[in-house]
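Everything below concerns the one structure shown next.
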Amino acid sequence: MTAMTTPRHRVSVAVARMRGAADAVADASVWSMDAIETAGTLIELTRLEAQVCELKARVAAHAEELHVGQNVGASSAANWLAHETRATRSAAYAAVRLGRDLEGHSLTREALAAGRVLADQARVVIRWVEDLPSTVPAGKVAAAEAHLLELARHHDATALNRLGKHLFEVVAPEEADAREAALLAKEEAAAAKACRLTGYDDGHGKAHFRGTLPSYHWAALRKMLGALAAPRHQAATQGPGVERPETPEALGRALCELIERYPADQLPTTGGVSATAVVLLDLDVLLGRLEKAGVLDTGEKISPALARRLACQAGIIPVVLDGDSQPLDVGRKRRLFTEAQRTAMLVRDRGCRAQGCDRTTGLHAHHKTRWTDGGHTDLADGISLCPWHHARAHDTNYRTTHHPNGDVTFHRRT
-16 MTAMTTPRHR
-6 VSVAVARMRG
4 AADAVADASV
14 WSMDAIETAG
24 TLIELTRLEA
34 QVCELKARVA
44 AHAEELHVGQ
54 NVGASSAANW
64 LAHETRATRS
74 AAYAAVRLGR
84 DLEGHSLTRE
94 ALAAGRVLAD
104 QARVVIRWVE
114 DLPSTVPAGK
124 VAAAEAHLLE
134 LARHHDATAL
144 NRLGKHLFEV
154 VAPEEADARE
164 AALLAKEEAA
174 AAKACRLTGY
184 DDGHGKAHFR
194 GTLPSYHWAA
204 LRKMLGALAA
214 PRHQAATQGP
224 GVERPETPEA
234 LGRALCELIE
244 RYPADQLPTT
254 GGVSATAVVL
264 LDLDVLLGRL
274 EKAGVLDTGE
284 KISPALARRL
294 ACQAGIIPVV
304 LDGDSQPLDV
314 GRKRRLFTEA
324 QRTAMLVRDR
334 GCRAQGCDRT
344 TGLHAHHKTR
354 WTDGGHTDLA
364 DGISLCPWHH
374 ARAHDTNYRT
384 THHPNGDVTF
394 HRRT
């Protein structure tokens, strides 16, 4: 830790005094403070914290200008500060950035230095003031900054950020609607680009996922889940007297119900088969005479009770072994495989049959013998391949070999 020499500058002297004052009460008990004094002290500490934050940001920006830390090989003053204080680099850089930003926003700097606003509020004010078009006159920019600082007296940083979106109305109310529309369009485009969903199955009956959705779709999903998780709906579907779970659990259960209720006829097809779950189970399991796990076409196993329940769902395709099934052999009458045939292939193959491929979704049905060469459009002459390997099967640069166990290998012709 770098030790400060005898302070001479009044800022250094003030910092030394503040450290000394804090040291003086480091072991002081607060039990004797009454409620009124405790409340007042807590507010004053919050204001003091804001003042210290402004002072630190101002000094950090100055340290960056002086290239503090270069004598020990630090690439920047922020990196040096992070190393010396064990602060994160992001926090150190944030202090430098705030100091630089405050240099160009004197009203906000003065408010933070006086403890009238907090650091997160100051960052919000700076963000929206700097977002104003460069064509706005300086006088109106200052008025907009003062407007946000006044709002900060009554709103925290989150609410202030929402209000900041409408700052343009203060400087150019006649153009505000068009600008807001453009801003919303920009945000929606960025949200669509950032849309993500990832997940994995832990192998113990649970799947974990996380993602990012555009605000509209999250609002719509929350509304759907809220309706399904409502006490009245829970009582109607599970019976009266059901204890309502905590909100995260209720929303999780509602999402499961939404997935099961989604109309299968509205799903797009993938590889010629509608994207519905396929449950493979024995007839004895369906009739309750045997307790044996059911298997999904994607390979996951489920309990017999869940398999029987899903077999009754409209959006689920039950494939009952040893029972009546749909006709699968249409012979030479059709070139394309039927949906029933494709479903049966998925159940049989459990994924792409190319050796070494683990793709289990979006599969195509492929004729082992080309239909134009006399191949039959039936289950025996069909095989499941992923789009990549299906393309290889029709690529004349590759030789396709079908093995007795049903696997397929490809070799580039020489």
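Residue numbers (my numbering): -16 to 397. Backbone N, C-alpha and C define an ideal beta-carbon position, used for all residues, glycine too.
With distances taken Cα to Cα, identify the nearest neighbour of Glu283 among His372, Gly188, Arg342.
Here the question's residue 283 lines up with position 300 in the sequence shown. That would be Gly188, whose Cα lies nearest to the Cα of Glu283.
Could you name the residues of the same chain whose beta carbon sits closer than 7 Å to that of Glu113, not counting the 5 residues immediately before and after it, in chain order?
The sequence position of residue 113 within the sequence shown is 130, counting from 1. Excluding positions up to five away in sequence, the list is empty.
Taking a contact to mean a Cβ-Cβ separation below 8 Å, would you say Ser367 touches Arg336 in this structure?
As a working note, residue 367 is residue 384 in the sequence shown. As a working note, residue 336 is residue 353 in the sequence shown. Yes; because the gap between Cβ atoms is below 8 Å, this pair is in contact.
Simplified DSSP assignment, three categories, for Arg325
In the sequence shown, residue 325 corresponds to position 342, counting from 1. In the three-state scheme derived from DSSP, where H, G and I count as helix and E and B as strand, Arg325 is classed as helix.
Contacting residues, own chain, Cβ-Cβ under 7 Å from Pro197 (five flanking each side not counted)
Within the sequence shown, the letter at position 214 stands for residue 197. Contacts found: Glu171, Ala174, Ala175, Cys178.
From Tyr199 to Glu128, what does the alpha carbon distance come to, in whole angstroms?
The count along the sequence shown starts at 1 and reaches residue 199 at position 216. The count along the sequence shown starts at 1 and reaches residue 128 at position 145. So the two alpha carbons sit approximately 30 Å from each other.
Which whole-angstrom value is the C-beta distance of Glu47 and Ala60, which I expect to be below 8 Å?
To locate residue 47, count along the sequence shown from 1; it is residue 64. To locate residue 60, count along the sequence shown from 1; it is residue 77. Confirmed, Cβ separation roughly 4 Å.
Does Gly182 come out as helix, strand or coil in the three-state DSSP assignment?
Here residue 182 corresponds to residue number 199 of the sequence shown, with the count starting at 1. Strand.
Give me the DSSP bridge partner(s) of Thr379.
If you number the sequence shown from 1, residue 379 lands on position 396. Paired residues: none, contrary to the question.
Check His402 in the structure and name its three-state DSSP category.
Examination of residue 402 is not possible in this model, given that the chain is present from -16 through 397 alone.
Out of His45, Gly52, Glu37, His394, which has the shortest C-alpha to C-alpha gap to Arg375?
As a position in the sequence shown, residue 375 is number 392, starting the count at 1. In terms of CA proximity to Arg375, His394 leads the group His45, Gly52, Glu37, His394.
Judging by CA-CA distance, which residue of Ile109, Leu241, Gly194, Leu31 is the nearest neighbour of Ala212?
Residue 212 sits at position 229 when you count from the first residue of the sequence shown. From the listed residues Ile109, Leu241, Gly194, Leu31, the smallest Cα separation to Ala212 is found for Leu241.
Option in Leu31, Asp103, Asp341, Gly98 with minimal Cα separation from Arg2
Position 19 of the sequence shown, counted from the start, is the residue given in the question as residue 2. Of the residues Leu31, Asp103, Asp341, Gly98, the one whose Cα lies closest to the Cα of Arg2 is Leu31.
Just the Cα atoms here: how many angstroms apart are Thr71 and Gly52?
As a first step, residue 71 must be located in the sequence shown, where it is residue number 88. As a first step, residue 52 must be located in the sequence shown, where it is residue number 69. Rounded to the nearest whole angstrom, the CA to CA distance from Thr71 to Gly52 is 16 Å.
Using a 10 Å radius around the Cβ and a threshold of 16 neighbouring Cβ atoms, would you call Thr91 buried or exposed?
Position 108 of the sequence shown holds residue 91. Answer is buried; the Cβ neighbour count reaches 16.
Are the CB atoms of Leu238 and Leu208 within a distance shorter than 8 Å?
Numbered from its first residue, the sequence shown carries residue 208 at position 225. Numbered from its first residue, the sequence shown carries residue 238 at position 255. A Cβ-Cβ contact shorter than 8 Å links Leu208 with Leu238.
Which partner residues does Ser(-5) have in the DSSP bridge list?
The residue given as residue -5 occupies position 12 in the sequence shown. Paired residue(s): none; Ser(-5) is not in a bridge.
Just verifying my parser: in three-state terms, what is the DSSP assignment at His130?
Locating residue 130 in the sequence shown gives position 147, where the first residue counts as 1. In the structure shown, His130 sits in a helix (DSSP, three-state: H, G or I).
For Ala(-3), which residues from the same chain have a beta carbon less than 6 Å from its beta carbon, with the 5 sequence-adjacent residues on both sides left out?
Here the question's residue -3 lines up with position 14 in the sequence shown. Same-chain partners within the cutoff: there are none.
How would you label Gly82, buried or exposed, when you count the other beta carbons within 10 angstroms and need 16 or more for buried?
The sequence position of residue 82 within the sequence shown is 99, counting from 1. That one is buried.
With a 10 Å radius around its C-beta and 16 neighbouring C-beta atoms as the bar for buried, classify Glu37 as buried or exposed.
Here residue 37 refers to the residue found at position 54 of the sequence shown. If you draw a 10 Å sphere on the C-beta of Glu37, you find 16 or more other C-beta atoms in it, and that means buried.
Best match in Arg342, Ala74, Phe320 for proximity to Gly358 [C-alpha to C-alpha]
Mapped onto the sequence shown, residue 358 falls at position 375. Of all alpha-carbon atoms in Arg342, Ala74, Phe320, the one lying nearest the alpha-carbon of Gly358 is that of Phe320.
Outcome for Gly147 when other beta-carbon atoms lying within 10 angstroms are tallied against a minimum of 16:
To locate residue 147, count along the sequence shown from 1; it is residue 164. Of the residues assessed, Gly147 falls on the buried side of the cut-off, its CB having 16 or more other CB atoms within 10 angstroms.
Could you pull the DSSP bridge partners for Val391 from this structure?
By one-based count along the sequence shown, residue 391 stands at place 408. Note: Val391 sits in a beta bridge opposite Ala337, His385.
Measure the Cβ-Cβ separation of Leu64 and Ala97 and say whether it is below 8 Å.
Your numbering for residue 64 matches position 81 in the sequence shown. Your numbering for residue 97 matches position 114 in the sequence shown. At the C-beta level, Leu64 and Ala97 stay beyond 8 Å of one another.
Report the start-end ranges of each beta strand (DSSP E) in the stretch 3 to 70 that is 3 residues or longer and not cut off at the edges.
Counting only runs that start and end inside the stretch 3 to 70, there is no beta strand (DSSP E) element of at least 3 residues.
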